[in-house]
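Numbering (the numbering used here), first residue to last: 5 to 105.
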Amino acid sequence: MSTAQVYYQNVTNMMQKQTRLNELSEQLSTGKRFLKPSDDPVAAVRALDISENLARLEQYGRNANTANTQLALEDSVLDGVGTVLKRVRELVVQANNASQS
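Written out as structure tokens, the structure is:
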């Protein structure tokens, strides 16, 4: 192996080590285990699945809140209808009594 080859190999190794050091430093400073999906494809897929599941659960929660609001509104309307029907019955009874007298 020539001196130039040894030099080139050492420079290449140092550059690879520097790149790895930079990656580790960035991971440490950001608190992220991986910075791009190719760093850990399995973990990236898991993180994506968890993120999608979380988004789905949040949407279910919003849907449930919307349904509860709608049901409360419908309950209020039905109470109003019940009150009106009760008043109609009272008026019908009064009208019947008046016509029989």
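The C-beta atom is built at its ideal place from N, Cα and C for all residues, glycine as well.
Between Gln-31 and Leu-39 the beta-carbon gap is near 6 Å, inside 8 Å, which marks them as a contact. Rounded to the nearest angstrom, the Cβ distance from Arg-37 to Ala-47 is 6 Å, consistent with a contact under 8 Å.
Judged by DSSP in its simplified three-state form, Gly-65 adopts helix. In this structure, DSSP gives Arg-60 a helical state, which the three-state scheme calls helix.
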